[in-house]
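The structure appears below as structure tokens.
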Amino acid sequence: MPSFKIRNTNSNLVIDHNYANLGLRTKGVVAATAVFTYNSKFVDLVLPNDQGVIAFRCTSPCMIVSSQQSGGNMVYRFVVSGGGANIEYWHFDLVKYSTLYNTPARLIIRRPSDGQVAFDSRTPYMRVRQFLSWNQIPGSTDLSYAGTPAVVQVKRGWSINRAITGIPPGQTQFIVWVSSWATTNGGTVNVRGLDYMNINDTNPNAVYPDNNFSEQTMYMVIDVSNF
Amino acid sequence: MPGLRIRRPDTGAVILEITDRITRLVGTIALPVSGSLVVDGGAEGDVWFFYNFGPTYSTNQDTSVTLSGRTISWSNIPAGSTLTYGVY
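As structure tokens, this is what we get:
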């Protein structure tokens with residue numbers, strides 16, 4: 001059985017019969033309206049999920065403070081500084097969940113071993129433009145991209161400066177500095193350095209690392225043009 | 228310039244340029260509590276990854292996931308978490 005390979009002008013492999021990628025499963029818009037803390041609002045977005053990756057755009061500083069599996073769903077908690085701004089999201093997952101472009105013209109590549117589709121040009125595949133990692137984000141950083149960039153928050157940076165127990169009684173209050181606010185405007189992605197929020201936790205048995213910090217903050221930038 | 232360009236017939240938007248850095252999925256694994264992974268497998272390009280924490284994850288849990296070169300390392304990961312990774 002013949003195989004198939006396309007290489008680009010740098011001789012890097014682009015597509016072959018073993019190609020695999022995630023595809024767009026769903027997209028939408030949500031608004032953060034519930035009060036979070038420190039002049040910010042949150043919204044919980046619940047999406048059916050298998051091996052999903054979620055990207056977002058927001059004209060106000062936005063971050064995902066938690067993502068957690070619940071049954072067959074993933075619950076993403078978005079927090080928007082100031083609140084009010086809509087959050088556009090694109091959820092990528094295994095291609096079997098993707099809606100194909102409705103067009104008769106297509107390029108389909110199958111695996112010789114079993115005939116399964118390896119590549120279908122009608123699939124809205126995920127397009128990573130850059131994977132970014134900082135030990136500490138240098139203040140406020142603007143990054144420009146062709147097309148329409150959306151942010152995938154891979155790892156949220158944080159630094160816990162102090163923890164106080166018993167304020168108010170029965171709760172733990174701590175101040176955590178986070179470094180994952182991301183803002184998108186047109187082709188520009190802005191990521192912002194450390195900011196803080198007060199968080200009260202009603203779990204009396206919670207244990208927090210005191211005066212600790214994460215070692216890396218990581219983002220992916222995805223091109224969501226024409227999706 | 229030689230190449231391949233695929234457009235959507237309905238909108239004319241370019242779906243794929245042969246000169247693109249195309250994104251490829253290399254794999255997904257269930258994460259043990261700690262470990263590391265070297266992304267190679269003959270795939271070309273830079274590394275990307277994303278992880279989904281399991282249902283026991285607490286926002287206060289001191290998890291660690293790092294990338295150094297092509298090596299992804301992790302520790303203190305809650306049960307049921309997965310790592311999806313690839314190249315671009």
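So the sequences go chain by chain: A and B.
Each residue of the first sequence is one higher than the last, beginning at 1 in the working numbering.
Each residue of the second sequence is one higher than the last, beginning at 228 in the working numbering.
Heads up, the beta-carbon is just placed ideally off N, CA and C, and yes, glycines get one too.
Among the bridge pairs identified by DSSP, residue 24 (chain A) is matched with A:92.
Sorting A:225, A:8, A:121, A:11 by C-alpha distance to the C-alpha of residue 145 (chain A) places A:225 at the top. Out of A:66, A:89, A:152, A:129, the CA that lies nearest to the CA of residue 25 (chain A) is found in A:89.
Of all residues in the segment 122–156 of chain A, only 125, 126, 127, 128, 131, 133, 152, 154, 155 come within less than 7 Å of chain B when Cβ atoms are compared, listed by chain position. Contact of residue 251 (chain B) with chain A by beta-carbon distance below 7 Å involves 19, 20, 21. Residues 88, 150, 184 of the same chain have their beta carbon placed closer than 6 Å to that of residue 57 (chain A), with the five preceding and five following residues left out of the count. Counting only the Cα atoms, residue 53 (chain A) lies some 21 Å from residue 143 (chain A). Per DSSP, reduced to three states, the secondary structure at residue 97 (chain A) is helical. Taking 8 Å as the cut-off, the Cβ atoms of residue 108 (chain A) and residue 92 (chain A) do not count as close. With a threshold of 8 Å between beta carbons, residue 260 (chain B) makes no contact with chain A.
For the pair residue 63 (chain A) and residue 130 (chain A), the CB atoms are not nearer than the 8 Å cut-off. Look at residue 266 (chain B) here: in three-state DSSP terms it is coil, with no helix or strand label.
Among the residues of chain B, those whose CB is under 7 Å from the CB of residue 15 (chain A) are 249, following chain order.
Within chain B, the residues placing a beta-carbon under 8 Å from that of residue 53 (chain A) are 277, 311, ordered along the chain. Of A:11, A:13, A:20, A:223, the smallest CA-CA separation from residue 111 (chain A) is found for A:20. Residue 278 (chain B) is not a Cβ neighbour of residue 250 (chain B), given a cutoff of 8 Å. It is roughly 29 Å from the alpha-carbon of residue 116 (chain A) to the alpha-carbon of residue 307 (chain B). In the assembly as shown, residue 217 (chain A) is a buried residue. Its beta-carbon has 16 or more other beta-carbons within 10 Å. When Cβ-Cβ separations below 8 Å define contact, residue 74 (chain A) makes contact with chain B.
Judged by beta-carbon spacing, residue 22 (chain A) lies within the 8 Å limit of residue 95 (chain A), meaning their Cβ atoms are closer than that value. Bounds of the beta strand (DSSP E) holding residue 188 (chain A) are 188–192. In the DSSP assignment, residue 241 (chain B) falls within the unbroken beta strand (DSSP E) covering 241–244. Under the 8 Å criterion on CB atoms, residue 67 (chain A) is classed as interfacial with respect to chain B. Collapsing the DSSP output to three states places residue 81 (chain A) in a strand.
Within chain A, the residues whose beta carbon sits less than 8 Å from that of residue 240 (chain B) are 225, 226, listed in sequence order.
Using a Cβ distance threshold of 8 Å, residue 126 (chain A) and residue 222 (chain A) count as a contacting pair. When secondary structure is reduced to three states using DSSP, residue 74 (chain A) falls in the strand class.
Using a CB distance below 8 Å, the part of the segment 291–311 of chain B facing chain A consists of 291, 292, 293, 294, 307, 309, 311, ordered along the chain.
Going by C-alpha positions, residue 69 (chain A) is about 16 Å away from residue 290 (chain B). By the Cβ-count criterion, residue 313 (chain B) is buried, with 16 or more other Cβ atoms from all chains shown falling within 10 Å of its own Cβ.
Taking CB atoms only, residue 232 (chain B) has no neighbour in chain A less than 8 Å away.
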